[in-house]
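Novice: Just so you know, we're using my numbering here: the sequence shown kicks off at 11 and counts up by one.
Think of the CB as a built atom: it goes at the ideal place given N, C-alpha and C, for glycine as much as any other residue.
Just so it is clear, the structure is predicted and the values come from calculations on it, not from any experiment.
I have a structure I would like to understand better, so I am pasting it below and will then ask my questions one at a time.
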Amino acid sequence: MGVDEQKEEREVLESIFPDEITDISDVSYRVSITLDAPSKPGDEDSDPPVILLNVTYPDSYPDVSPHLDITSPSNSPKHPLLDVSSDKARLLEGLQPTIEESLGMAMIFTLVTALKESAEQLIIDRRKAKETEREEELRKAEAEENRRFEGTKVTRQTFLEQLWERGLAKEMDGEAEGDDALDAVKALKVS
């Protein structure tokens, strides 16, 4: 693909992403990708995360991969589940299969779509992991709380032992009561 074909792809991308694409030079541009990260209750006020895909066409593009870089807008707030600087390598690595499949044809739209899906899936996976961790902590706390209310487990053996001990205690109390009664009778006879 020559320079004319690269410009043609760029024009097509301009029609698809009219507000999201910014030219840097004749062979470089930036595509702003707003992620559709599902929000959880309480997150409605936060802005969706945005990542920037910086694209530079090499002379022999699309027979070779375009030069790609991922950044975040300088004024954007940090997303709690996506850090572009630390996730950049993972996201770029995730684009490699798409690049290899698309060699020889225009691929930037496909790469933008794949990057968007990959970043959204990363957020979803991290949210699920965080929720699972929170649920595990709650389960452990509940188990600890329930453990406080557990007594001795009643088995046949422990039941019979407690029954025998109670019977012995009653007998002992009965003998003590009998002695008191005997003493009372003796006291009556004396008077």
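State the Cα-Cα distance for the pair Gln-90 and Glu-15, rounded to the nearest angstrom.
Specialist: Checking the sequence shown, residue 90 turns out to be Pro, not Gln. Taking the straight line joining both Cα atoms gives about 40 Å.
Novice: Comparing alpha-carbon positions, which option in Gln-106, Met-115, Ala-129, Glu-111 lies nearest Val-94?
Specialist: Of the candidates Gln-106, Met-115, Ala-129, Glu-111, the one whose C-alpha sits nearest the C-alpha of Val-94 is Ala-129.
Novice: Given this structure, state the Cα-to-Cα distance separating Leu-121 from Ile-109, to the nearest angstrom.
Specialist: Each residue's Cα considered, the two are about 7 Å apart.
Novice: Does Val-65 pass the burial test, meaning 16 or more other C-beta atoms within 10 Å, or should it be called exposed?
Specialist: Counting Cβ neighbours within 10 Å, Val-65 comes out buried, since at least 16 surround it.
Novice: Between which residues of its own chain and Tyr-67 is the CB-CB distance below 6 Å, once the five residues before and five after are set aside?
Specialist: Excluding positions up to five away in sequence, the list reads Gln-16, Val-37, Pro-76.
Novice: Just list the residues that DSSP pairs Arg-40 with in beta bridges.
Specialist: Thr-32, Asn-64.
Novice: If I measure Cβ to Cβ from Leu-45 and keep anything under 8 Å in the same chain, skipping five residues before and after, which residues do I get?
Specialist: Closer than 8 Å at the Cβ level, and outside the excluded window around Leu-45, lie Pro-58, Pro-59, Val-60, Ile-61, Leu-92, Lys-126, Ala-129, Glu-130, Ile-133.
Novice: Assuming Pro-87 and Met-117 are in contact, meaning their beta carbons sit under 8 Å apart, how far apart are those beta carbons, in whole angstroms?
Specialist: With 8 Å as the limit, Pro-87 and Met-117 do not qualify as a contact, their Cβ atoms being about 31 Å apart.
Novice: Any idea if Ala-124 is buried or exposed, counting beta-carbon neighbours within 10 angstroms, 16 or more meaning buried?
Specialist: Counting Cβ neighbours within 10 Å, Ala-124 comes out buried, since at least 16 surround it.
Novice: What is the rounded straight-line gap between the Cα of Thr-32 and the Cα of Glu-111?
Specialist: Near 26 Å, if we compare the C-alpha coordinates of Glu-111 and Thr-32.
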